[in-house]
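A.B. asks: For what it's worth, my numbering labels the leading residue of the sequence shown as 5, then goes sequentially. We put the CB at the ideal spot given by N, CA and C, even for glycine. The structure presented is a predicted model; accordingly, all values stated were derived computationally and were not measured.
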Amino acid sequence: MFEGLDAIYDELRRLQKEGVGHIYIDDETKDLLKPALLETKHRKRGKPVEHANLAELLKKPQPVEKTVNKPVKEISIEPLPAPPTLEVPEADKADQLNWLKKSLLACPTCNERKGASEQLVTGDGSPDADILFCGDAPGTDEAMEGKPFIGNAGQLLDKIIKAMGLSREQVYCTNIMKWRPNNNKPYGNRPPNEDEMTFCLPYFRAELEIIQPKVIIALGNHAVTGLLGHDPKVKFGSIRGTWQTFQDIDVMLTFHPSYLLRNDTLKTKRMLWEDLLAAMAKVELPISDKQKGFFLK
Ligand code: URA
Numbered sequence: 005m006f007e008g009l010d011a012i013y014d015e016l017r018r019l020q021k022e023g024v025g026h027i028y029i030d031d032e033t034k035d036l037l038k039p040a041l042l043e044t045k046h047r048k049r050g051k052p053v054e055h056a057n058l059a060e061l062l063k064k065p066q067p068v069e070k071t072v073n074k075p076v077k078e079i080s081i082e083p084l085p086a087p088p089t090l091e092v093p094e095a096d097k098a099d100q101l102n103w104l105k106k107s108l109l110a111c112p113t114c115n116e117r118k119g120a121s122e123q124l125v126t127g128d129g130s131p132d133a134d135i136l137f138c139g140d141a142p143g144t145d146e147a148m149e150g151k152p153f154i155g156n157a158g159q160l161l162d163k164i165i166k167a168m169g170l171s172r173e174q175v176y177c178t179n180i181m182k183w184r185p186n187n188n189k190p191y192g193n194r195p196p197n198e199d200e201m202t203f204c205l206p207y208f209r210a211e212l213e214i215i216q217p218k219v220i221i222a223l224g225n226h227a228v229t230g231l232l233g234h235d236p237k238v239k240f241g242s243i244r245g246t247w248q249t250f251q252d253i254d255v256m257l258t259f260h261p262s263y264l265l266r267n268d269t270l271k272t273k274r275m276l277w278e279d280l281l282a283a284m285a286k287v288e289l290p291i292s293d294k295q296k297g298f299f300l301k
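#1: Label T229 either buried or exposed according to how many other C-beta atoms from any shown protein chain fall within 10 Å of its C-beta, with 16 as the threshold for buried.
#2: Looking at C-beta atoms only, is the number of pairs between the region 236-254 and the region 194-207 that lie closer than 8 Å three or more?
#3: Rounded to the nearest angstrom, what separates K189 and C114 at their Cα positions?
#4: Given the structure, does G158 come close to the ligand URA, in the sense that its CB is under 7 Å from one of the ligand's heavy atoms?
#5: CB of L223 to nearest heavy atom of the ligand URA: below 7 Å?
#6: Note down, in chain order, each residue of its chain lying with its Cβ closer than 8 Å to the Cβ of K97, except the 5 sequence neighbours on either side.
#7: Please report the straight-line C-alpha distance between L232 and F250, rounded to a whole angstrom.
#8: Hey, F298 and A167: beta-carbon distance below 8 Å or not?
#9: Report yes or no: do three or more beta-carbon pairs, one from the region 94-109 and one from the region 142-158, lie closer than 8 Å?
#10: Using the DSSP secondary-structure output, state which residues sit across from M201 in a beta bridge.
#11: Kindly examine the ligand GDP and report whether one of its heavy atoms sits closer than 7 Å to the Cβ of A133.
#12: Could you compute how far the alpha carbon of Q248 sits from the alpha carbon of R194?
#13: Below 8 Å CB to CB, which residues in the same chain sit around P142 once its five sequence neighbours on both sides are set aside?
#14: Rounded to whole angstroms, what's the CA-CA distance from K359 to V92? Just pull it up for me.
#15: What does the alpha-carbon distance come out to for the pair L161 and S242?
#16: Return the CA-CA distance between E200 and D293, expressed in angstroms with no decimal places.
#17: How many angstroms separate the CA atom of K301 from the CA atom of Q295?
#18: Helix or strand or just coil, what does DSSP make of V228?
#19: Closest to V287 by C-alpha separation, out of M275, M256 and Q123, would be which residue?
#20: Are D4 and K218 closer than 8 Å when you measure CB to CB?
#21: Find out if the Cβ-Cβ distance for the pair N186, G139 is shorter than 8 Å.
#22: Could you give the first and the last residue of the continuous alpha helix (DSSP H) run that contains N156?
#23: Please report the Cβ distance between L223 and T258, rounded to the nearest whole angstrom; I am assuming they are in contact, meaning their Cβ atoms lie under 8 Å.
#24: Where does T272 sit, in a helix, a strand or coil, going by DSSP?
#25: List the whole-angstrom C-beta distance separating L281 from K273, where the pair is believed to meet the contact cut-off of C-beta under 8 Å.
#26: Taking 7 Å as the line, does the beta carbon of S262 fall inside it for any heavy atom of the ligand URA?
#27: Closest to A147 by C-alpha separation, out of F137, S121 and L101, would be which residue?
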């Protein structure tokens with residue numbers, strides 16, 4: 005009936021099964037949903053509405069083709085091969101990071117798994133950063149641009165970094181996984197699975213070896229699983245806000261900014277902020293009284 009709605013419905017069911025309670029809906033998806041919602045409303049009033057009338061009502065052509073007809077590359081269901089072996093060459097950090105990017109771009113498995121029009125995504129920021137923010141995997145925006153954390157979650161991360169008195173250029177942001185996990189659909193993001201993260205870990209480890217941050221801030225449950233492994237007995241809520249270690253580097257486990265986009269409460273913001281205050285103290289960043297009081301009533 006409405007092109008694209010079945011696909012949205014399937015995706016919402018999938019997210020619901022994964023336990024997601026709230027979702028962010030982008031404008032394109034809202035535009036797809038609008039005609040259906042309007043028709044339902046009019047049917048309830050006993051007035052079926054023609055599509056043509058709807059188009060008039062909406063006063064905006066529906067971007068259906070753009071969203072639905074985008075070519076989708078089928079993902080390989082073959083198990084992933086063994087993770088690559090990488091040896092960071094002796095060089096300055098800039099050359100090492102260039103080498104890492106080239107190695108990633110030449111990785112046959114990563115290229116085979118990424119979407120046809122998507123890019124592989126390495127980290128960016130200061131090669132001398134004390135703080136490294138670690139997400140799980142690039143999303144649609146990141147895979148389009150080949151840069152980490154530039155979509156909605158990334159923009160919130162920018163604000164968080166600014167609240168810490170820093171800029172994106174002073175920290176390093178990256179993901180464990182280097183391609184956007186493909187879900188055989190032209191929309192939506194799926195969290196990476198453990199095999200995918202395990203495959204990409206050597207690239208992340210090489211980034212750590214080059215940057216040598218004092219602290220890693222692991223953003224969200226999936227990044228934490230990628231770093232520490234999955235333990236079904238341990239709930240993210242019980243370890244969030246704690247310090248762990250990865251390759252002898254202190255890791256603060258905190259919320260993913262996308263979680264904050266869905267749970268925009270003072271309490272959640274304060275919880276995340278306290279984790280960040282702890283990380284700031286660990287790297288001996290100055291903390292003002294104003295910063296100490298952020299998100300308190
Ligand atoms: N979420 C992540 O974990 N990483 C990104 O780069 C973007 C969104």
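C.D. replies: This is what the structure gives:
#1: Within the sequence shown, the letter at position 225 stands for residue 229. Answer is buried; the Cβ neighbour count reaches 16.
#2: Short answer: they don't touch.
#3: Against the sequence shown, residue 189 aligns to sequence position 185. Against the sequence shown, residue 114 aligns to sequence position 110. Counting only the Cα atoms, C114 lies some 18 Å from K189.
#4: The residue labelled residue 158 in the question sits at position 154 within the sequence shown. Yes, the Cβ of G158 comes within 7 Å of a heavy atom of the ligand URA.
#5: Residue 223 sits at position 219 when you count from the first residue of the sequence shown. At least one heavy atom of the ligand URA falls within 7 Å of the beta-carbon of L223.
#6: Here residue 97 corresponds to residue number 93 of the sequence shown, with the count starting at 1. For K97, where only same-chain residues beyond five positions count, the Cβ hits under 8 Å are P131, D132, I214 and I215.
#7: Translated into positions along the sequence shown, residue 232 becomes position 228. Translated into positions along the sequence shown, residue 250 becomes position 246. About 7 Å.
#8: Translated into the one-based positions of the sequence shown, residue 298 becomes position 294. Translated into the one-based positions of the sequence shown, residue 167 becomes position 163. The answer is yes: Cβ separation under 8 Å.
#9: When C-beta atoms of the region 94-109 are compared with those of the region 142-158, fewer than three pairs fall below 8 Å, so the two segments do not count as touching.
#10: Against the sequence shown, residue 201 aligns to sequence position 197. DSSP lists no partner for M201.
#11: Within the structure as shown, the ligand GDP is missing, the only ligands being the ligand URA.
#12: Looking up residue 248 in the sequence shown gives position 244. Looking up residue 194 in the sequence shown gives position 190. Whole-angstrom Cα-Cα distance: 26 Å.
#13: On the sequence shown, position 138 is the one that residue 142 refers to. Closer than 8 Å at Cβ, skipping near neighbours: V125, P152, N179, M181, K182, W183 and R184.
#14: Coverage of the chain is limited to positions 5 through 301, which leaves residue 359 absent and any answer about it impossible.
#15: On the sequence shown, position 157 is the one that residue 161 refers to. On the sequence shown, position 238 is the one that residue 242 refers to. Just so you know, the alpha carbons of L161 and S242 end up roughly 23 Å apart.
#16: Along the sequence shown, one-based indexing puts residue 200 at 196. Along the sequence shown, one-based indexing puts residue 293 at 289. Distance between E200 and D293, taken at the CA atoms: about 42 Å.
#17: Here residue 301 corresponds to residue number 297 of the sequence shown, with the count starting at 1. Here residue 295 corresponds to residue number 291 of the sequence shown, with the count starting at 1. Just so you know, the alpha carbons of K301 and Q295 end up roughly 13 Å apart.
#18: Taking the sequence shown and counting its residues from 1, the one referred to as residue 228 is at position 224. Correct three-state label for V228: helix.
#19: What you label residue 287 is simply residue 283 of the sequence shown in a count that begins at 1. Closest by C-alpha distance to V287, out of M275, M256 and Q123, is M256.
#20: For residue 4 there is no data in the structure shown, the boundaries of the chain being 5 and 301.
#21: Here residue 186 is taken as the residue at index 182 of the sequence shown, counted from 1. Here residue 139 is taken as the residue at index 135 of the sequence shown, counted from 1. Contact flag unset, no.
#22: Locating residue 156 in the sequence shown gives position 152, counting from the first residue. N156 to A167 is the extent of the alpha helix (DSSP H) around N156.
#23: For this step, residue 223 is matched to residue 219 along the sequence shown. For this step, residue 258 is matched to residue 254 along the sequence shown. Beta-carbon to beta-carbon, L223 and T258 are separated by about 7 Å, close enough to satisfy the 8 Å threshold.
#24: Within the sequence shown, numbered from 1, the residue matching residue 272 stands at position 268. T272: helix per DSSP, three-state reduction.
#25: Locating residue 281 in the sequence shown gives position 277, counting from the first residue. Locating residue 273 in the sequence shown gives position 269, counting from the first residue. Not really, about 12 Å apart at Cβ, beyond 8 Å.
#26: As a first step, residue 262 is located in the sequence shown; it is residue number 258 there, counting from the start. Yes, the beta carbon of S262 sits closer than 7 Å to at least one heavy atom of the ligand URA.
#27: Working through the sequence shown from its first residue, we reach residue 147 at position 143. Minimum Cα distance to A147 is reached at S121.
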